[in-house]
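Residue numbers (this note's numbering), protein chains in the order written: chain A, 1 to 278; chain B, 279 to 556; chain C, 557 to 879; chain D, 880 to 1202.
Glycine included, C-beta positions come from ideal geometry on N, C-alpha and C.
Every value quoted in this text rests on a predicted model; they were computed, and no experiment measured them.
See the structure below:
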């Protein structure tokens, strides 16, 4: 029942990785759409049907009817189907303030050594010279209020930077204790960063630490696609490839149109090894 | 259609007076039961069926089914029947904070020269020596947040005092400007005090002013039942007696068991004059 | 934002981080059945010395059967949130269960002054809406909320409120301390076995109370399926993960009313109010609490099928109550 | 309660007393019919220079037809509450209607940097939940609310928030300034002619937005009777007295969805998103706004009966939407 896949995209890989972390005994606050929501929906359809999540519009533990129409991941009937409760954005924030959100799952434009998230501007903020993006959306609340955050991004030098150009949503800011000094609750903060090539955690010093890599890249390749050198775990583990079963569900039930997964490079299993397809 | 009544109680008199003030173009926040609610219900059944009021449990503009079971003036189906909205206590407070409550209608144990309301203790607060009552309930919010308050109490020396033993709900505190210094909104404050014998207003100096008396008492009788001398209006007007029509509705539809009205003395019309019945 | 004045009343500790840590360690997120008897729920979740809140009151959609169970188990040193209430605080203080009460409105009578003089109970002064605002602050996970009332009262001096200078308008404004009760008792119309719950009609602060409290005991008129809960999510105001115990308690608000389900019992209300105004609850407690083992026994022996049918029959209004 | 740090962003004036005075003078309490056309509503209640908020967005139960009317009437110098939104802010800025935007999340693209460089628009930084919290403060009639997020961001520096010392815990805490928009646009499922309204499904901040705003224009899928409103008061979240105009606008959220009523139109959404990513709304505005006189004409000429039937048919879920 668990056949390693022979062909998958980078996005599919990362969605599968995150989906495997998710547990029935936790509550997740999921960023609006994209890989975070796909991970959750995949986990619900593979291992943990009872998985509970919130989104920004205050939906509590829906049994979403996939697939969705484009962008219809919130305030939409299929996304919110058969929820335990329908609330509002302030209600979702209340639940998170109270400590009920175990994990937040987010994607981002840029992340830095301390796990700070930039979704506002690449380049200089003032004067409109940088390239401007849409702002934190719900991510600031998730990053501040969930006990742990799981971040998803791509493996590129411009995405893993020493210091983000703008902190849209907080990681550990600039080190231990910094969150509380700026008014955030005790505890909480970044926990994992997933890219299609690697998985990172954080040490006691609140700094990003490489912990595992995908079977189709080397540690050096990962480090080459970072603007800074992260801390390294004592042992770098391998990430397990997706299974055919996981991909089938992802492709046929969740991301049918390929809106989320059909980006990035493709990987194939050839001669017993995973490598980028040509 | 408007026959002066020949026989009524002091309570009936005051309820009728207050009910005659009420207008369709205003929103009222009504203290929980007693004369305030009876006045509102009477106004709805006589002159202004479209009258809108709130109570503390967040009911908006109900079409209450009278009479009620004892104490069942809030969080009860007859009291809340066919409301425009069912809310909660914090919702009622929000509406009032925003300035939508034109008038609050309250009753009280004690009132003083500046319209401060005591419903907590008669006598000394500390040590339990005074006679203790139930606290402000919703009256503090009403007195602070309605644009104007209408207060109902009995005409007794111990009820009209120079300075209340305890400010449970604020009037003008100790004069112009005092409310704002203590964090209350601009404007607002006491507007009328009704007893079964008299009607008072307030001058620019925020002090109680006798404006009208009931047809069965003299100004001196009223002043005798006050612990301080109020300001006097230039002309003391007479209060009009209830009509038979008003009393019929009050007695047969609203206060059928006499729980609210069957206290105080009775007044009769004899030889063309109103006087206390023996 | 200078502090201009502060009340001198003792107040229950404001500790949003402590609440979060408690939630993280102790509140089960998984959907597990929490159905249990009122005895078990109160044994497990109400502890001596707790700050206890209840929604509504002994006469109006309140957790009356749970309150009787708290008294039956002779809980001690409770600090009670006494808002919008007639006899509940009197019962808890006179039965020796509570020794501190935050007052919004409580049913009065000779018992209060006696309790103060005898040192059996301390009272702290607020108002109904200020107490529900304190619960709202607790339910939002923040340490305080501002309000534009209460600052000009004597109660302020005996409260935990503060008057500060608003940094946005430079005007004085009141802050109320968040209230996160140790335990709350809430009676609802419908709940599933996990604690997802519905309340119909107006309310005082059921959602705030549920979210703000460390432990939550629900009693419910009806147990409904989770399937039914999921069919109309807009009706649900309490999510399962804040709830610790679900007690199936038909007529759980007796002698009070549950809007749309049954009317109050005027006799039962007059009996309780009479005891309060006389200042002597001994007979009332003996008859309604100590001589009875459970709510079911109370309904069976004291109330009887006839009266239950009667209070149901007298509640003629069904519109808007989801039935 | 010392101020530790303050954002340097300009923010819309915090003035709870001014709001109260406005309400007292200008908001009709009586139940008077407020039914009018979208043209009349926008002419009367949206003014150049206003702070404008809308609930949800152009694709999800938002007041899309009202937004097009605002653009059609070429309103100027609007300051917009840009939370949880894809194309709405881009449309308003690019059409020359808005020159300031408070950002939670807005659909991005080349238009933003261009608008900044050309001095056509200023952006102030918040997050979605911080913006809805600002509306909640406005809806509670208080000058600020505390929150435990946002303090540790760069956005804080470009916002109107302040970091103060909490007088209860002595820890740093964020304050957000209340937001009381001059006008808000809200699309609902059902309303009566006076403005008593119902929204089904999840929401962003419709109630907060309605209560917080000086003037409120509702558009509604259905006009229902006040009798129906009174039959299920627990479903009603907006009271008539906060509402100034009620516009009957079936498919008013088109090309977006209204949960339980109709699905979104993917083509219409892709058309708008495409314009945004290209950074050129001229054709879109010409076709969907300027060449069309009204929402009815838009449905008739641009959308057509076939597509309307289609989006209704594709919305297969009815459970929980009161139908």
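| request: Could you tell me which chain C residues have their CB closer than 8 Å to the CB of residue 1051 of chain D, listed as they occur along the chain? | output: In the fourth chain, the residue the question calls residue 1051 of chain D occupies position 172. At a beta-carbon threshold of 8 Å, none of the residues of chain C lie near residue 1051 of chain D; the nearest stands roughly 11 Å away.
| Buried/exposed call for residue 50 of chain A, threshold 16 Cβ in 10 Å | In the first chain, counting from the first residue as 1, residue 50 of chain A sits at position 50. Counting Cβ neighbours within 10 Å, residue 50 of chain A comes out exposed, since fewer than 16 surround it.
| Proximity winner among D/1067, D/933 and D/1091, relative to residue 1125 of chain D (alpha-carbon distances) | Looking up residue 1125 of chain D in the fourth chain gives position 246. When only C-alpha atoms are compared, the closest one is D/1067.
| Interface residues of the segment 649-683 of chain C facing chain D [CB-CB below 8 Å] | Correct list: empty, as no residue qualifies.
| field | Nearest to residue 726 of chain C (by Cα), restricted to the options D/1070, D/1023 and D/1048 | value | In the third chain, counting from the first residue as 1, residue 726 of chain C sits at position 170. Looking at the Cα atoms, D/1023 is the closest of the given residues.
| field | Beta-carbon neighbours of residue 107 of chain A, restricted to chain D and to distances below 7 Å | value | The residue you call residue 107 of chain A lines up with position 107 of the first chain. Under the 7 Å cutoff, chain D gives no residues; its nearest Cβ is about 13 Å from residue 107 of chain A.
| request: Figure out for me which residue from B/548, B/542 and B/537 has the closest Cα to the Cα of residue 312 of chain B. | output: Here residue 312 of chain B refers to the residue found at position 34 of the second chain. When only C-alpha atoms are compared, the closest one is B/537.
| Pairwise C-alpha distance: residue 232 of chain A and residue 212 of chain A | Taking the first chain and counting its residues from 1, the one referred to as residue 212 of chain A is at position 212. Taking the first chain and counting its residues from 1, the one referred to as residue 232 of chain A is at position 232. Approximately 10 Å, taken between the alpha carbons.
| query | Rounded C-beta distance between residue 209 of chain A and residue 230 of chain A? I'm assuming under 8 Å. | reply | To locate residue 209 of chain A, count along the first chain from 1; it is residue 209. To locate residue 230 of chain A, count along the first chain from 1; it is residue 230. About 6 Å separates the beta carbons of residue 209 of chain A and residue 230 of chain A, which is inside the 8 Å limit, making them a contact pair.
| Among B/451, B/532, B/539 and B/365, which residue has its Cα nearest to the Cα of residue 323 of chain B? | Taking the second chain and counting its residues from 1, the one referred to as residue 323 of chain B is at position 45. The candidate whose alpha carbon is nearest that of residue 323 of chain B is B/532.
| task | Step through the CB atoms of chain D and report whether any lies within less than 8 Å of the CB of residue 375 of chain B. | result | Translated into the one-based positions of the second chain, residue 375 of chain B becomes position 97. Chain D contact via Cβ: present.
| message | For the pair the segment 1082-1101 of chain D and the segment 1118-1133 of chain D, tell me if three or more CB-CB distances fall below 8 Å. | response | Short answer: they touch.
| query | Which bits of chain D does residue 390 of chain B rub up against, with CB to CB less than 8 Å? | reply | In the second chain, the residue the question calls residue 390 of chain B occupies position 112. The contact set of residue 390 of chain B on chain D, defined by CB atoms closer than 8 Å, is empty, because the minimum CB distance reaches about 26 Å.
| said: Taking 7 Å as the limit between beta carbons, can you name the residues of its chain near residue 91 of chain A, skipping five residues before and five after? | reply: If you number the first chain from 1, residue 91 of chain A lands on position 91. If we look at residue 91 of chain A and ignore the five residues flanking it on each side, its Cβ neighbours are 58.
| field | Simplified DSSP assignment, three categories, for residue 156 of chain A | value | The count along the first chain starts at 1 and reaches residue 156 of chain A at position 156. Residue state, collapsed to three classes: coil.
| task | Evaluate residue 1069 of chain D with the Cβ neighbour count: other Cβ atoms within 10 Å of its Cβ, from every protein chain shown; 16 or more gives buried, anything less gives exposed. | result | Translated into the one-based positions of the fourth chain, residue 1069 of chain D becomes position 190. Label assigned to residue 1069 of chain D: buried.
| field | Touch test, the segment 597-615 of chain C against the segment 751-763 of chain C, Cβ-Cβ under 8 Å, three pairs minimum | value | With the cut-off at 8 Å, the segment 597-615 of chain C and the segment 751-763 of chain C touch.
| field | Interface residues of chain A facing residue 698 of chain C [CB-CB closer than 8 Å] | value | Your numbering for residue 698 of chain C matches position 142 in the third chain. For residue 698 of chain C, the residues of chain A that pass the 8 Å Cβ criterion are 97, in the order they occur in the chain.
| query | Does the segment 1179-1187 of chain D come within contact of the segment 952-970 of chain D, defined as at least 3 CB pairs closer than 8 Å? | reply | Of all C-beta pairs linking the segment 1179-1187 of chain D to the segment 952-970 of chain D, fewer than three are shorter than 8 Å, placing the two stretches out of contact.
| request: Output yes or no for whether 8 Å exceeds the beta carbon distance between residue 267 of chain A and residue 216 of chain A. | output: Numbered from 1 along the first chain, position 267 holds the residue referred to as residue 267 of chain A. Numbered from 1 along the first chain, position 216 holds the residue referred to as residue 216 of chain A. Contact flag set, yes.
| message | Less than 8 Å between CB atoms is the rule here; does residue 290 of chain B satisfy it with respect to chain C? | response | Residue 290 of chain B sits at position 12 when you count from the first residue of the second chain. Residue contact check for residue 290 of chain B against chain C: no CB pair falls below 8 Å.
| Residue interval of the beta strand (DSSP E) (run including residue 623 of chain C) | On the third chain, residue 623 of chain C is found 67 positions in, with the first residue counted as 1. It is not in any beta strand (DSSP E) - residue 623 of chain C instead sits in the alpha helix (DSSP H) that spans 620-628.
| task | Report the residues of the segment 725-751 of chain C with a CB closer than 7 Å to any CB of chain A, ordered along the chain. | result | Legend: CB atoms of the segment 725-751 of chain C lying less than 7 Å from CB atoms of chain A are not found in any residue.
| field | Interface flag, residue 575 of chain C vs chain A, CB-CB below 8 Å | value | Stepping through the third chain from its first residue, residue 575 of chain C is reached at position 19. Residue-level contact check: residue 575 of chain C touches chain A, since one or more beta carbons of chain A fall below 8 Å from its beta carbon.
| said: For residue 554 of chain B, count the other beta carbons within 10 Å of its own beta carbon; 16 or more makes it buried, fewer makes it exposed. Which is it? | reply: In the second chain, the residue the question calls residue 554 of chain B occupies position 276. That one is exposed.
| beta strand (DSSP E) runs wholly inside the segment 976-1004 of chain D, at least 3 long, in chain order | For the segment 976-1004 of chain D, whole beta strand (DSSP E) runs of length 3 or above, ordered along the chain, are 977-982 and 1001-1004.
| query | Which one of D/1073, D/1187, D/1042 and D/1147 has the shortest CA to CA distance from residue 883 of chain D? | reply | For the purposes of this step, residue 883 of chain D is identified with residue 4 of the fourth chain, where counting begins at 1. If we check each option's Cα against that of residue 883 of chain D, D/1042 comes out closest.
| When burial is assigned at 16 or more other CB atoms within 10 Å of the CB, is residue 113 of chain A buried or exposed? | Sequence index remark: in the first chain, residue 113 of chain A carries index 113 (1-based). Looking at its Cβ environment, which holds 16 or more other Cβ atoms inside 10 Å, residue 113 of chain A is buried.
| Of all the options C/568, C/623 and C/669, which has the alpha carbon lying nearest to the alpha carbon of residue 408 of chain B? | Translated into the one-based positions of the second chain, residue 408 of chain B becomes position 130. Shortest Cα-Cα distance from residue 408 of chain B to any of C/568, C/623 and C/669 involves C/669.
| Between residue 18 of chain A and residue 117 of chain A, is the Cβ-Cβ spacing less than 8 Å? | Indexing the first chain from 1 puts residue 18 of chain A at position 18. Indexing the first chain from 1 puts residue 117 of chain A at position 117. Not closer than 8 Å, so no.
| field | Residue from D/1115, D/995, D/959 and D/1168 whose Cα sits closest to the Cα of residue 1071 of chain D | value | Numbered from 1 along the fourth chain, position 192 holds the residue referred to as residue 1071 of chain D. Answer by Cα proximity: D/1115.
| query | Pairing CB atoms from the segment 704-723 of chain C with CB atoms from the segment 448-462 of chain B, are three or more of them under 8 Å? | reply | As far as the Cβ criterion goes, the segment 704-723 of chain C touches the segment 448-462 of chain B, which means the pair count is three or higher.
| Cβ atoms of residue 70 of chain A and residue 1149 of chain D: under 8 Å apart, would you say? | Here the question's residue 1149 of chain D lines up with position 270 in the fourth chain. Here the question's residue 70 of chain A lines up with position 70 in the first chain. Yes, the pair counts as a contact, with Cβ atoms nearer than the cut-off.
| task | Report the partner residues of residue 309 of chain A according to the DSSP bridge assignment. | result | Nothing in the structure corresponds to residue 309 of chain A, since chain A is present only between 1 and 278.
| Sorted by chain position, which residues of the same chain lie with C-beta nearer than 6 Å to residue 570 of chain C's C-beta, five sequence neighbours on each side aside? | For the purposes of this step, residue 570 of chain C is taken as the residue at position 14 of the third chain. These residues qualify, in order along the chain: 699, 733 and 734.
| Nearest-angstrom beta carbon gap, residue 1006 of chain D and residue 165 of chain A [assumed within contact, 8 Å] | In the first chain, counting from the first residue as 1, residue 165 of chain A sits at position 165. In the fourth chain, counting from the first residue as 1, residue 1006 of chain D sits at position 127. About 17 Å separates the two Cβ atoms, so there is no contact after all.
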